[in-house]
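First the structure, in the form of structure tokens, and then the observations on it.
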Amino acid sequence: MNKDLLWSLCPNEYLKRFIEQGIRPDGRTSEISRSICIQKNTIPNYDCSVSIKAGNSSYMAGSTNKIAANESDSDIQRRIIVNIDFPKVCGLTVSTNQSIYIANTIMECLNDTRILNKDLLYSKVNDKDIFWVIYIDIVCLSYDGNALDYCFLAAVASLIDTNIPKNIEWDKEYSWYRISSDNISLEPGENIYEDTNVQENSSSRILKYIPIFVSFLYLSGGYWVCDPSYIEDSQGDMISFCCLGIEEKATLVTQRITKCDTCLQSNLSHLKNVAIQHALNIRRLLI
1 MNKDLLWSLC
11 PNEYLKRFIE
21 QGIRPDGRTS
31 EISRSICIQK
41 NTIPNYDCSV
51 SIKAGNSSYM
61 AGSTNKIAAN
71 ESDSDIQRRI
81 IVNIDFPKVC
91 GLTVSTNQSI
101 YIANTIMECL
111 NDTRILNKDL
121 LYSKVNDKDI
131 FWVIYIDIVC
141 LSYDGNALDY
151 CFLAAVASLI
161 DTNIPKNIEW
171 DKEYSWYRIS
181 SDNISLEPGE
191 NIYEDTNVQE
201 NSSSRILKYI
211 PIFVSFLYLS
221 GGYWVCDPSY
231 IEDSQGDMIS
241 FCCLGIEEKA
251 TLVTQRITKC
261 DTCLQSNLSH
271 LKNVAIQHAL
281 NIRRLLI
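Here the sequence shown is numbered in UniProt numbering, starting from 1 and rising by one per residue.
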């Protein structure tokens with residue numbers, strides 16, 4: 001049968017025939033992720049910004065620091081707010097619910113006190129407490145599957161070099177805070193330990209750790225593939241790990257498995273080890 005016809009009529013069988021030969025439609029083996037290219041400071045009107053390309057997927061992200069406008073804003077649990085846009089130009093129509101799900105998953109992880117250094121998002125001016133909120137905008141320019149991993153990577157990459165201004169003063173003319181002319185920003189720590197990937201001077205970093213998401217897709221027949229492409233991710237069930245750089249901190253954060261509980265349990269340990277290694281390689285690109 002013609003391969004295009006097979007894909008149209010039975011996409012699962014199409015993928016299975018590739019996997020049985022130890023290869024996937026894009027040429028990767030089951031445990032290989034796509035090569036990633038990260039460029040920083042690509043959007044001038046953001047405090048920090050990045051562009052990420054992985055295979056045929058492309059994303060841009062920018063972060064902006066703002067002081068909470070009122071008491072209710074300062075009391076919010078989330079100090080990092082994420083907005084994700086999948087415009088039609090990216091080649092995929094994504095439902096609002098899916099965008100919200102991805103954004104909420106990212107915010108839940110990044111606002112975790114084990115990851116976020118909330119002390120840096122608090123200042124005191126004239127004996128008044130002020131709180132910073134970081135807004136991250138993510139746009140998908142070209143979609144080729146696995147949106148969660150790459151949106152999360154874009155968000156993390158935009159935070160790596162984020163500096164929260166230290167010298168803030170009250171501007172009487174505008175009745176709002178401003179950065180004083182002799183402002184000193186909190187500088188990022190200089191190094192990251194390669195053995196644990198814990199930031200050396202984490203007290204001056206927005207992120208105490210550099211979390212990385214690594215996702216796997218389960219296809220019929222008991223096959224697992226890492227970093228699924230668009231042709232794959234609509235044909236199976238997903239699990240995702242959040243890896244912090246040390247094994248005991250690699251945790252299963254999302255589990256959308258409906259058909260393979262037994263298979264999941266038997267493969268979970270191996271998938272976790274694969275995820276940790278991929279996260280280590282990705283993290284090195286951010287340093």
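Glycine residues also receive a C-beta, built at the ideal position from the N, C-alpha and C atoms.
Helix, strand or coil at ALA54 [DSSP, three-state]: strand
Anticipated Cβ contact below 8 Å, ASP227 with ASP149, distance rounded: 7 Å
Close Cβ partners of ASP127 (< 7 Å) along its chain, the five nearest in sequence each way excluded: Taken in chain order, the list of residues that qualify is empty.
Three-state secondary structure (DSSP) of ASN163: Coil, per DSSP.
Integer Cβ distance of ILE138 from ALA154, believed to fall under 8 Å: 5 Å
Runs of beta strand (DSSP E) lying entirely within the UniProt domain "Exoribonuclease phosphorolytic" (34-165), each at least 3 residues, in chain order: 36-40, 48-54, 57-67, 80-85, 122-125, 128-142
Rounded Cβ spacing between ILE36 and LEU285 (contact assumed at less than 8 Å): 6 Å
Euclidean distance between Cα positions of ARG24 and ALA147: 19 Å
Below-9 Å beta-carbon distance, GLU20 vs any chain B residue: Although the question refers to chain B, the structure presented lacks it and comprises just one protein chain.
Span of the alpha helix (DSSP H) around ARG178: It is not in any alpha helix (DSSP H) - ARG178 instead sits in the beta strand (DSSP E) that spans 176-179.
Bridge partner(s) assigned by DSSP for PHE18: DSSP output for PHE18 lists no bridge partner at all.
Backbone secondary structure at GLU13 - three-state DSSP: helix
Whole beta strand (DSSP E) elements within the segment 207-249, 3-residue minimum: 212-219, 223-226, 237-243
Neighbourhood of LEU268 by C-beta, 6 Å cutoff - its chain only, sequence neighbours within 5 removed: none
Distance between ILE212 and ASP112 (C-alpha atoms, nearest Å): 14 Å
Nearest residue (CA-CA) to LEU15, options ASP233, SER180, ASP171: ASP233
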